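*Asks:* According to the numbering used here, the sequence shown is numbered sequentially starting from 24. Handing you this structure, nothing more for now.
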Amino acid sequence: MTAINLSLVSLPIELVHRILDNLDDLTILMSLRNVCSRLNLIIDTYHRYQTLTMLNIANLRWKSQELPRLYNLLLNNTILVTLDLAYNRIGDEDTWSLVNTLKNKKVLISLNLAKNDIGFKGAQYLADALHENTTLGAIVLEFNNIGSQGTEYLVHALNHNRSLNILNLRQNKISADGVKYLSQALQNNETLKTLVLDLNHIGEQGTQYLADGLENNKTLTMLTLEVNHIDHEGVKNLANALESNKTLAVLNLRWNQIGNQGVQYLANALKNNTMLTTLNLMVNDIDSKGVKYLTDALQHTKAITELTLEGDELGDRGTQYLANALENNNTLITLNLQENGISDEGAYCLTNALKINAKLEVLNLPRNKIHSPGLLNLVNALKYNTTLMILNLQLNSIDDDQVVRQLANNLGKDADRVFW
């Protein structure tokens, strides 16, 4: 019997396409691409390859000897828009090889290099690429170690780059010194819209540098500063910047220590700010006194649409202040009050507000101390309120099965609006 030798490179195109249908994108790219010119031509006509604009190869722990094949693949690819290489620990030297491959790419828009053991040298290589690349719009470098020196390199690039919109530097040991460089970029760069600096311990001095940059910045719309040891003096710097800034729409200050005094500074700034729409003050040592400052500001501002006070210390008194503000507020759409020690008394105040307010769409109240009477009151308020789409009451205290049945009966057609 004559032996039949079958080879992928000699099979009819239709059969090769059927084989490709059963392979994942990475196998096609790494194992079949560049095997021979015929196979390349076949892959070029394959529908999945023609539409492969996003490649997720995160958390694959690439070995150094495997990376050149990847770089060669990227060098010849003309359609890839998004590349996710997060959690691969490629290090500084392989970052150099990668950016040399990508720096002249005319289609790549988003690059994720989170947690890749990239230090200040790797940041320097990226900065050099940004000088030449004119399409890259987003770079994620969170959980690396670029430090203040690496930040300086990136800032030099931002002074020339006209395409980058998003820069994520979460947890990079940047400190106030690195923020000083970023402040310079904020004053000169005209394209950056989102800056993430969570977990960098910038402190009061860092906020002063940021405030200097924000005062005259005309493009940044989102600034996130979670866990940065920002106290009331630090937030005072940011509040002063908000008085003059005309573009920032989202400010995230989760897990800091601004306290009631810091809230007072922010509230005063909000009275004169018409752009900030989202304010996150989760876990910031704020109690009813601080909330009173905020609610006074809500009476004046027409901009805030989302307010997060999760994990603070509002209690029933603070909730009453918010409820009173809701009765007259026509802008707030989302209110997050998880884990605030709110009992039936606070729930009753919110119930009365919901009967009047015609704007709020999302009210989150999980992990409070609301018992059956308070839960029933809130659910009954939906009979009068047609705008609230989500009422989240999960992880509160329903006393008995009879109340559960009563809640179910009361919900009726509103069942899909309540989570409990």
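Backbone N, C-alpha and C fix where the C-beta goes; we use that ideal spot for every residue, glycine too. What you are looking at is a predicted structure, and each value in this text was computed from that prediction instead of being measured.
#1: May I have the straight-line CA-CA distance separating L108 from I309, to the nearest angstrom?
#2: Since H183 and H154 should fall inside the 8 Å C-beta cutoff, what is the C-beta to C-beta distance between them, to a whole number of angstroms?
#3: Would you call the CB atoms of V122 and L98 closer than 8 Å?
#4: Whose C-beta lies closer than 7 Å to the C-beta of K312 among residues of the same chain, with five residues either side of it excluded?
#5: Decide if C59 is buried, meaning its Cβ has at least 16 other Cβ atoms within 10 Å, or exposed.
#6: For my contact list, G285 and V258 are in at a C-beta cut-off of 8 Å; report their separation, rounded to the angstrom.
#7: Can you tell me the Cα-Cα spacing of L302 and T331, whole angstroms?
#8: Under 8 Å between the Cβ atoms of L304 and D335?
#9: With a Cβ-Cβ cutoff of 8 Å, do I141 and L164 count as a contact?
#10: Would you tell me roughly how many angstroms separate the C-alpha atoms of M24 and R61, rounded to the nearest one?
#11: If distances are taken between C-alpha atoms only, which option among I66, G226, N408, V219 comes closest to N188?
#12: With respect to the alpha helix (DSSP H) encompassing I66, which residues constitute its N-terminal and C-terminal limits?
#13: Find out if the Cβ-Cβ distance for the pair L274, L299 is shorter than 8 Å.
#14: Look at Y407 and K378 and say whether their C-beta atoms are less than 8 Å apart.
#15: Between the alpha carbons of R112 and R84, how many angstroms are there, rounded?
#16: Return the bridge partner residues of D107 from the DSSP annotation.
#17: Since L237 and A264 should fall inside the 8 Å C-beta cutoff, what is the C-beta to C-beta distance between them, to a whole number of angstroms?
#18: Rank L190, A137, N127 by C-alpha distance to the C-alpha of T158 and give the top, closest one.
#19: Use the C-beta contact count for H255: other C-beta atoms within 10 angstroms, 16 or more gives buried, fewer gives exposed.
#20: Considering just the uninterrupted stretch of the alpha helix (DSSP H) at L121, what are its terminal residues?
#21: Nearest-angstrom Cα distance between L321 and G369?
#22: Less than 8 Å between the C-beta atoms of R428 and L405, yes or no?
#23: I'd like to know if L388 contacts chain D, where contact means its C-beta is closer than 8 Å to some C-beta of that chain.
#24: State the beta-bridge partners of M245 as determined by DSSP.
#25: How should D367 be labelled, buried or exposed, when 16 other C-beta atoms within 10 angstroms of its C-beta is the threshold for buried?
#26: Excluding five sequence neighbours on each side, which residues of the same chain lie with their C-beta closer than 6 Å to the C-beta of F166?
#27: For the alpha helix (DSSP H) that contains A10, what are its first and last residues?
#28: Per DSSP, what kind of secondary structure is A404 in: helix, strand or coil?
#29: Work out the CA separation of T124 and G170 for me, nearest whole Å.
#30: Rank N353, I51, V202 by C-alpha distance to the C-alpha of H323 and give the top, closest one.
#31: According to the Cβ coordinates, are I365 and E384 closer than 8 Å?
*Replies:* From the atom records:
#1: Numbered from its first residue, the sequence shown carries residue 108 at position 85. Numbered from its first residue, the sequence shown carries residue 309 at position 286. Roughly 39 Å between the two C-alpha positions.
#2: Numbered from its first residue, the sequence shown carries residue 183 at position 160. Numbered from its first residue, the sequence shown carries residue 154 at position 131. Contact holds; Cβ gap of about 6 Å.
#3: One-based indexing of the sequence shown puts residue 122 at position 99. One-based indexing of the sequence shown puts residue 98 at position 75. No, these two residues do not count as a Cβ contact at 8 Å.
#4: For the purposes of this step, residue 312 is taken as residue 289 along the sequence shown, with counting starting at 1. Once the five neighbours on either side are set aside, the close Cβ partners of K312 are N283.
#5: In the sequence shown, the residue the question calls residue 59 occupies position 36. C59 is exposed by the Cβ-count criterion.
#6: Within the sequence shown, numbered from 1, the residue matching residue 285 stands at position 262. Within the sequence shown, numbered from 1, the residue matching residue 258 stands at position 235. With 8 Å as the limit, G285 and V258 qualify as a contact, their Cβ atoms being about 4 Å apart.
#7: Position 279 of the sequence shown, counted from the start, is the residue given in the question as residue 302. Position 308 of the sequence shown, counted from the start, is the residue given in the question as residue 331. Roughly 6 Å separates the two Cα atoms.
#8: As a first step, residue 304 must be located in the sequence shown, where it is residue number 281. As a first step, residue 335 must be located in the sequence shown, where it is residue number 312. In contact: L304 and D335 (Cβ atoms closer than 8 Å).
#9: Walking along the sequence shown from the start, residue 141 turns up at place 118. Walking along the sequence shown from the start, residue 164 turns up at place 141. Yes.
#10: Position 1 of the sequence shown, counting from 1, holds the residue named residue 24. Position 38 of the sequence shown, counting from 1, holds the residue named residue 61. At M24 the pLDDT is 48, less than 50, meaning the model places this residue with poor confidence and gives no usable figure here.
#11: On the sequence shown, position 165 is the one that residue 188 refers to. It is V219 whose Cα lies nearest to the Cα of N188.
#12: Counting from one through the sequence shown, the residue named residue 66 turns up at place 43. Residues 60–67.
#13: Taking the sequence shown and counting its residues from 1, the one referred to as residue 274 is at position 251. Taking the sequence shown and counting its residues from 1, the one referred to as residue 299 is at position 276. In this structure, L299 lies closer than 8 Å to L274 by Cβ.
#14: As a working note, residue 407 is residue 384 in the sequence shown. As a working note, residue 378 is residue 355 in the sequence shown. Yes, Cβ-Cβ distance for Y407 and K378 is below 8 Å.
#15: On the sequence shown, residue 112 is found 89 positions in, with the first residue counted as 1. On the sequence shown, residue 84 is found 61 positions in, with the first residue counted as 1. Straight-line Cα distance between these residues: approximately 7 Å.
#16: Translated into positions along the sequence shown, residue 107 becomes position 84. The partner list for D107 (beta bridge, DSSP) reads N79, N135.
#17: Against the sequence shown, residue 237 aligns to sequence position 214. Against the sequence shown, residue 264 aligns to sequence position 241. Sure, about 4 Å apart at Cβ, within 8 Å.
#18: Position 135 of the sequence shown, counted from the start, is the residue given in the question as residue 158. For T158, the nearest C-alpha among the options comes from N127.
#19: The residue labelled residue 255 in the question sits at position 232 within the sequence shown. Buried: at least 16 other Cβ atoms inside 10 Å.
#20: Within the sequence shown, residue 121 is the residue found at index 98, counting from 1. Residues 114–125.
#21: Numbered from 1 along the sequence shown, position 298 holds the residue referred to as residue 321. Numbered from 1 along the sequence shown, position 346 holds the residue referred to as residue 369. If you take the alpha carbons of L321 and G369, they lie about 19 Å apart.
#22: Mapped onto the sequence shown, residue 428 falls at position 405. Mapped onto the sequence shown, residue 405 falls at position 382. The answer is no: Cβ separation not under 8 Å.
#23: The structure shown has no chain D; it contains just one protein chain.
#24: On the sequence shown, residue 245 is found 222 positions in, with the first residue counted as 1. DSSP lists T217, V273 as partners of M245.
#25: Within the sequence shown, residue 367 is the residue found at index 344, counting from 1. D367 should be labelled buried.
#26: To locate residue 166, count along the sequence shown from 1; it is residue 143. Here the set comprises A137, K138, Q194.
#27: Outside the modelled stretch of the chain, which goes from 24 to 443, sits residue 10, for which no answer is possible.
#28: Taking the first residue of the sequence shown as position 1, residue 404 is located at position 381. Helix at A404.
#29: To locate residue 170, count along the sequence shown from 1; it is residue 147. To locate residue 124, count along the sequence shown from 1; it is residue 101. G170 and T124: Cα-Cα distance of roughly 24 Å.
#30: As a first step, residue 323 is located in the sequence shown; it is residue number 300 there, counting from the start. Taking only the C-alpha atoms, the option nearest H323 is N353.
#31: Indexing the sequence shown from 1 puts residue 365 at position 342. Indexing the sequence shown from 1 puts residue 384 at position 361. Cβ atoms of I365 and E384: not closer than 8 Å.
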